[in-house]
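Take 223 as the starting number for the sequence shown in our numbering and just add one per residue. Notes follow the structure.
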Amino acid sequence: MALLIKSGRIITATDDYTADIYCADHAITRIERHIDPAACGPGVEVVDAAGKYVFPGFIDPHVHVYLPFMGTFAKDTWESASRAALVGGTTTLIEMICPGRGDDPVDAFELWLSKAQGRSACDFSFHMGVTRWDDSMPGKLRSIVERGIRSFKVFLAYKGALGVDDRELYHTLKLAADLGIVVTAHCENETLVDERQRELLAAGKTGPEWHEPSRPPAVEAEGVHHLMTFARLTGTEVYVVHTSCSEAVEEALRGIAAGVRAHVEVVLPHLVLDKSRAEGPGFEGAKFVMSPPLREASQCESLWKSLRSGIISTVATDHAPFDFETQKFLGRDAFTRIPNGIPSVEHRVDLLYTHGVCEGRIDLHTFVAAASTNAAKIFGLRNKGTVAVGSDADLVVFDPSYRGTISARSHHMATDYSAFEGWPVKGRADTVCVRGGVMVRGGTFVGKAGHGRLVPRG
Ligand code: URP
Ligand code: ZN
Ligand code: ZN
Numbered sequence: 223m224a225l226l227i228k229s230g231r232i233i234t235a236t237d238d239y240t241a242d243i244y245c246a247d248h249a250i251t252r253i254e255r256h257i258d259p260a261a262c263g264p265g266v267e268v269v270d271a272a273g274k275y276v277f278p279g280f281i282d283p284h285v286h287v288y289l290p291f292m293g294t295f296a297k298d299t300w301e302s303a304s305r306a307a308l309v310g311g312t313t314t315l316i317e318m319i320c321p322g323r324g325d326d327p328v329d330a331f332e333l334w335l336s337k338a339q340g341r342s343a344c345d346f347s348f349h350m351g352v353t354r355w356d357d358s359m360p361g362k363l364r365s366i367v368e369r370g371i372r373s374f375k376v377f378l379a380y381k382g383a384l385g386v387d388d389r390e391l392y393h394t395l396k397l398a399a400d401l402g403i404v405v406t407a408h409c410e411n412e413t414l415v416d417e418r419q420r421e422l423l424a425a426g427k428t429g430p431e432w433h434e435p436s437r438p439p440a441v442e443a444e445g446v447h448h449l450m451t452f453a454r455l456t457g458t459e460v461y462v463v464h465t466s467c468s469e470a471v472e473e474a475l476r477g478i479a480a481g482v483r484a485h486v487e488v489v490l491p492h493l494v495l496d497k498s499r500a501e502g503p504g505f506e507g508a509k510f511v512m513s514p515p516l517r518e519a520s521q522c523e524s525l526w527k528s529l530r531s532g533i534i535s536t537v538a539t540d541h542a543p544f545d546f547e548t549q550k551f552l553g554r555d556a557f558t559r560i561p562n563g564i565p566s567v568e569h570r571v572d573l574l575y576t577h578g579v580c581e582g583r584i585d586l587h588t589f590v591a592a593a594s595t596n597a598a599k600i601f602g603l604r605n606k607g608t609v610a611v612g613s614d615a616d617l618v619v620f621d622p623s624y625r626g627t628i629s630a631r632s633h634h635m636a637t638d639y640s641a642f643e644g645w646p647v648k649g650r651a652d653t654v655c656v657r658g659g660v661m662v663r664g665g666t667f668v669g670k671a672g673h674g675r676l677v678p679r680g
């Protein structure tokens, strides 16, 4: 089915102009000043984008959907997560595959793929989590990379669970360098976290407000420094996920100055929420427990600054959805047992626009680059991340005049709470297309589960 988007203001990472866009066979085939719908043949759907922006489909390069973690499972399915993503303007998700240490990586890949394939309404890919190392790993990981999963994920945190030790890190990075792929990394010193958690609990400090002191900025900065040292020695391209503080950004910059090919990601919660949220009354603070933790408010501004200057290249979410009532409560007696994560896949684009563009912290081009184009470039999503003839017809017609309020009562994520309850938003994704298929119309999901495809990566 053909699609004609008329009179929208097209914004890419570099361009800003008004034109019509014609899409057929999953791709953008024409962009012209004026395309006559009558000359497009029968059955063309026309979307009036006058007064609206047309952005490339947004890409969230760091989400968790199927996630066995901290004694429970993340709440979303690919049906619910992809619906939420699309309503929020995100057309491609890259999920972290997180096998347990004893799991076979190929089995894990098949399992994670089976959760998304046939169920996701948006396009998707994965970062292959490497959670141990033995002689069988190179062959198995190579076979997964050959299937288009051209990035690994390592955790330098979560001791005894997902975390890798230095020998495992070294061999994973060497293999990635050999394969020419990027390694994404959660950087926190797991031993420091472990010891500080023990000390705090022993002192009776068990509430969610102690999560941040158990892993302060120095713990994260050490993790980034560690990664940079290993990346420099192995020549591996690395991507630091969910960077939460200026100390960590500075370590990445030092690595880059020393010759490391490194990219820095920030996630939406670290831009708009600060640690006072986790210090809320009663056990409410558990809603805001994620790792690395929410920081001082001044850190949020410093992250915005790094985003504006281009030091931070991507804004993801680290969507990790756990219910408050049944799951966050597992940590009622000890913050170390609160499942880590803040559900946010639905609100990355509208909150980035509201707090970034509308507040004058970033311009429209930085917004598009950070939420779409840069992730496409770093992770080899060749046909995504821009509006151009030949690109996938992943498009977001965005209405800047929309005004709304976020609530768990109306969101599409499966969780029983929103970390942004009652927050106003300016602007929203009005019409959203994935490879030419209209998935959202007037802000309402109209797509179907299973439309999404595993994206080829180069
Ligand atoms: O708190 C977080 N970030 N939860 C998800 C797992 C991870 O570390 O990315
Ligand atoms: Zn992480
Ligand atoms: Zn994560």
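Cβ coordinates follow ideal geometry from the N, Cα and C atoms, glycine included.
With contacts defined by Cβ atoms closer than 9 Å, lysine 274 and tryptophan 300 do not form a contacting pair. For alanine 379, the shortest C-beta to heavy atom distance toward ligand 2 is below 8 Å. Listed by position in the chain, the residues whose beta carbon lies within less than 7 Å of some heavy atom of ligand 3 are His284, His286, Met318, His408, Val463, His464, Asp540 and Ala542. Under the 10 Å beta carbon count, leucine 455 is surrounded by fewer than 16 other beta carbons and is classified as exposed. Scanning the segment 339-401 for uninterrupted beta strand (DSSP E) segments of 3 residues or longer gives 345-351 and 373-377, listed from N- to C-terminal end. Judged by the Cβ position, isoleucine 316 fails to qualify as a neighbour of ligand 1 at the 8 Å threshold, every heavy atom of the ligand being at least this far.
In the pairwise beta carbon analysis, the segment 372-379 is classified as touching the segment 410-425: at least three pairs are separated by under 8 Å. Closest option to glycine 361, judged by alpha-carbon separation, among Asn605, Asp326 and Val269: Asp326. Taken from the Cβ of serine 513, at least one heavy atom of ligand 1 lies inside 8 Å.
Boundaries cannot be given for valine 567, as no alpha helix (DSSP H) includes it and DSSP labels it neither H nor E. The Cβ atoms of leucine 315 and alanine 296 lie no closer than 9 Å to each other.
Of the heavy atoms belonging to ligand 1, at least one sits nearer than 8 Å to the Cβ of leucine 289.
For asparagine 562, the shortest separation between its Cβ and any heavy atom of ligand 1 lies below 8 Å. Taking the Cα of leucine 573 as reference, the smallest distance to any Cα among Leu490, Cys245, Gln419 and Asp388 is reached at Leu490.
As the crow flies, the alpha-carbon of arginine 530 is around 17 Å from that of arginine 570. With 16 or more other Cβ atoms inside 10 Å of its own Cβ, tyrosine 461 counts as buried. With contacts defined as CB atoms closer than 9 Å, alanine 591 and isoleucine 253 fail to qualify as a contacting pair. In this structure, DSSP gives proline 290 an extended state, which the three-state scheme calls strand.
Note that the segment 522-529 does not touch the segment 499-514; fewer than 3 beta-carbon pairs, one per stretch, sit closer than 8 Å.
For the beta strand (DSSP E) assignment, the uninterrupted runs of no fewer than 3 residues enclosed by the segment 462-532 are, from N- to C-terminal side, 484-489.
DSSP, reduced to helix, strand and coil, places glycine 578 within a helical segment of the structure shown. Leaving aside the five residues that flank aspartate 616 on each side, the residues in its chain whose CB is nearer than 8 Å to its CB run, in chain order, Pro278, Gly279, Thr313, Thr314, Asp345, Lys606, Cys655, Val656 and Arg657. In the structure shown, arginine 323 falls within a coil segment according to DSSP collapsed to helix, strand and coil. Within the same chain, and ignoring the five residues on either side of glycine 680 in sequence, the residues whose Cβ sits closer than 7 Å to its Cβ are Gly602 and Arg604. Taking a 10 Å sphere around the C-beta of cysteine 580, we find fewer than 16 other C-beta atoms and assign the residue as exposed. Here serine 347 really is in contact with leucine 676; their C-beta atoms are around 6 Å apart, less than 8 Å.
Comparing alpha carbon positions, the residue from Tyr288, Gly612, Ile227 and Arg389 closest to cysteine 262 is Ile227.
Threonine 458 is positioned such that its CB atom lies closer than 9 Å to that of valine 404.
Nearest neighbour of leucine 363 by Cα position, chosen from Gly563, Phe546 and Ala399, turns out to be Ala399. The Cβ atoms of alanine 272 and glycine 230 sit closer than 9 Å to each other.
Counting every other CB atom within 10 Å of its CB across the protein chains shown gives threonine 588 a total of 16 or more, marking it as buried. By the Cβ test, the segment 479-487 is not in contact with the segment 545-555, since fewer than three Cβ pairs between them sit closer than 8 Å. Between the segment 628-641 and the segment 592-600, the count of Cβ pairs shorter than 8 Å is below three; the stretches do not touch. By the neighbour-count criterion, in which 16 or more other beta carbons inside 10 Å mark a residue as buried, threonine 627 falls on the exposed side. Counted as a single uninterrupted DSSP element, the alpha helix (DSSP H) harbouring glycine 445 occupies residues 439-456.
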